[in-house]
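Input: a single structure, listed below in structure tokens.
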Amino acid sequence: MTRKLLDDCFLHDKDRLRHNEVLTILRDRLTAIAGDEYVSLDDALGRIAAEDVRAPRNVPAYDNSAVDGYAVRHADLNDNAPTTLFVAMRVAAGHPAREPLPAASAARIFTGAMMPAGADTVVMQEDCDAGESDEIEDLKQVTIPIGLKPGANRRRAGEDLAEGATLIDPGQVFRPQDVAAAASVGRGSVRCFKKLKVAVYSSGDELVEAGGTLGQGGVFDSNRPLLKALLQTLPVEVVDLGILADKAGTVRDALKQAAETADVVITSGGASRGEEDHLIESLEALGKRHLWQIAIKPGRPMAMGQIGDTPIFGLPGNPVAAFVCFLLYVRPALFKLGGALWFEPRRFTLPAAFEIEKKKADRREFYRGLLVPGPDGLTADKFSRDGSGLISGLRAADGLIEIPEAATSISRGEPVAFIPFGELGL
Ligand code: AMP
Ligand code: MG
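The sequence shown begins at 826 in this note's numbering and counts up by one.
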């Protein structure tokens, strides 16, 4: 199952990449590098299917009652007057009738119980008059009103899933409802791609582990906790490699070791071409390296590389840029490497509750977007401050507002694309 990556999967010949060009490279060049394994249904949530899960039988397996009531043959009912039938049997869920329904009689039936042979229609108990017969002792009878349609309140075998139907395709991610569907066809386990081992580290001499003491010039490392939390929304296993100093040898050794032990490595900070940024030269020494200039805001260059078969994603150090670049690029890349189908977050169109006088053309901009009620429904507003170090903006936001390359301004009320965080797994 495991396939090798291309020798240099992040190679390209452009000075600057547009957002869609980045996605195309990731979609087309990355392949599943994970093996597969059987996973108990209890652990399948969020995992990526490695098989097509089919229904080996109908669901429901047999016609059954949708309500508590009385099962009858519709042909036994009068057209113009209520019908009184004697109650010949009682069928509860899990206790099918042993015999067919006798002619001109009803079966007391409960929700989910198998329809007795011969019965085709169920009348809800609330609509019936049930009682004892006046003439014959111990004889239960039921009076059914007119107007019942043939087949009413009967669930048909296979109406949920027909025998042979595919319910999950390879590459699909299990949601709670998919787990339910797999269980409904009797699967106790499903074949899934193994979780990728993803190593994460932060780099910067100024960084201090949260919980530690902040000296002068120090900054608490918030990217690594952020990335680890983001990774927890994915079917991966996180390997925490801590904080690396801005030292060429340190970065190179750590990267080499990470590439040997993990399937993917994600770093933040130190990924530009500054003197204190050592990721690029380390990658150069160890494998393939590229510094992608992506025409987006918030965007710094992203370092993309590969040591053997281990892809390396070097995210910008600024928390907002790290967050956005992770969600836009690293997240879909990890899904693809992990065996999932490629999928794009859906955009919703909302009127802008803000305006932008001047926007640079040829650059796609992503703002922290807030859903704000307006007189005609929801509108999209942007977080008031633009700084790419502001975690406050990420917290205030409900999603990302996406302004396409071609736009050079946005006026209030103009439709804009909104990507709810739910579309990005948050
Ligand atoms: P760099 O990409 O290393 O030049 O860092 C850009 C900015 O992001 C600097 O202000 C860094 O202090 C900040 N930064 C880098 N890494 C982190 C981190 N792990 N947590 C918080 N801030 C960071
Ligand atoms: Mg730095």
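Idealized CB from N, CA, C, for every residue including glycine. Treat the numbers as computed from the prediction; the structure is a model and nothing was measured.
Beta-carbon proximity list for residue i, same chain, < 6 Å, skipping 5 on both sides
i, result
"M826", "For M826, the predicted model reports a pLDDT of 44, less than 50, meaning its position is unreliable; a value from the coordinates is still stated below. Only G860, D861 meet the Cβ criterion."
"R1125", "P1141, A1146"
"A1070", "D1030"
"D901", "A929"
Whole-angstrom distance between residue j and residue i, CA atom to CA atom
i, j, result
"G1067", "E1248", "29 Å"
"P1123", "S1213", "7 Å"
"I971", "L986", "32 Å"
"E1180", "K1207", "9 Å"
"I1244", "L1108", "33 Å"
"A1054", "I1091", "13 Å"
"C834", "A1084", "16 Å"
"S1234", "Y1192", "14 Å"
"Q1041", "L1203", "45 Å"
"V1149", "G1224", "10 Å"
"R882", "E988", "4 Å"
"T849", "A1231", "19 Å"
"K1081", "H1115", "17 Å"
"I1228", "V1241", "7 Å"
"D1211", "L851", "28 Å"
"D840", "W1117", "8 Å"
"D1102", "E1031", "13 Å"
"V884", "G1011", "10 Å"
"V1015", "E951", "42 Å"
"L964", "S930", "12 Å"
"D832", "G1133", "8 Å"
"D1046", "A1035", "6 Å"
"G996", "P1050", "28 Å"
"L1052", "V998", "20 Å"
"G1130", "D868", "32 Å"
"E846", "D853", "10 Å"
"Y1154", "D1201", "34 Å"
"T991", "D945", "29 Å"
"S865", "A928", "47 Å"
"T909", "R981", "26 Å"
"A771", "Y863", "Because the chain is modelled from 826 through 1251, residue 771 falls outside the range shown and cannot be assessed."
Nonlocal neighbours in the same chain, by C-beta distance under 7 Å from residue i, ignoring five residues either side
i, result
"A1087", "K1022, V1023, A1024, V1064, T1135"
"G1218", "V1145, R1193, F1208, R1210"
"G1238", "P1176, A1177"
"G871", "V998, F999, P1060"
Among the options, the one whose alpha carbon lies nearest that of residue i
i, options, result
"A886", "A932, A1231, M939", "M939"
"P1001", "I873, F1160, R1220, G1194", "I873"
"V912", "E957, A942, S1236", "E957"
"K1072", "I1105, K974, L1052, V1089", "I1105"
"G1095", "G1139, R1077, L1059, Q1082", "G1139"
"P925", "T909, G943, L1219", "G943"
"G983", "L1215, G1194, Y1154, D888", "D888"
"G937", "P927, D945, H920", "H920"
"S1209", "L1069, G1194, P1200", "G1194"
"P1170", "R1188, A1110, L1251", "L1251"
"A1110", "D1078, S1097, M1127", "D1078"
"A918", "A932, G1013, D1201, K974", "A932"
"K974", "L1215, D904, C1017, F1018", "D904"
7 Å Cβ cutoff, residue i in contact with chain C
i, result
"V1197", "Any reference to chain C falls outside this structure, which holds one protein chain only."
8 Å CB neighbourhood of residue i in its chain, flanking five on each side removed
i, result
"V947", "S890, A891, V892, G894, Y895, A896, V897, I934, M940, A977, N978, R979"
"E1062", "K1020, L1021, K1022, V1023"
"L842", "I850, W1117, Q1118, I1119, A1120"
"L855", "L830, C834, P1136, A1158, K1161, L1162"
"R1048", "Checking the sequence shown, residue 1048 turns out to be Asn, not Arg. S1027, S1093, G1094, L1140, G1142, P1144, A1147."
"A1222", "R1193, G1194, L1195, F1208, F1246"
"M1127", "A1096, L1116, W1117, I1119, F1138, G1139, L1140, P1141, C1150, Y1154"
"S1236", "A1177, E1180"
Residue burial classification, residue i (beta-carbon count within 10 angstroms, cutoff 16)
i, result
"G1163", "buried"
"D1038", "Correcting the residue type first, residue 1038 is Thr in the shown sequence and not Asp. So T1038 ends up on the exposed side."
"Y1026", "buried"
"E1190", "buried"
"K1183", "exposed"
"R915", "exposed"
"D994", "exposed"
"K1185", "exposed"
"A1005", "exposed"
"I969", "buried"
"D1187", "exposed"
"V967", "buried"
"V1197", "exposed"
"R923", "exposed"
"A906", "exposed"
"K1113", "buried"
"I961", "exposed"
"G1098", "The residue asked about is misnamed: residue 1098 is Arg in this sequence, not Gly. The residue in question, R1098, is exposed, as its Cβ has fewer than 16 Cβ neighbours within 10 Å."
"L1152", "buried"
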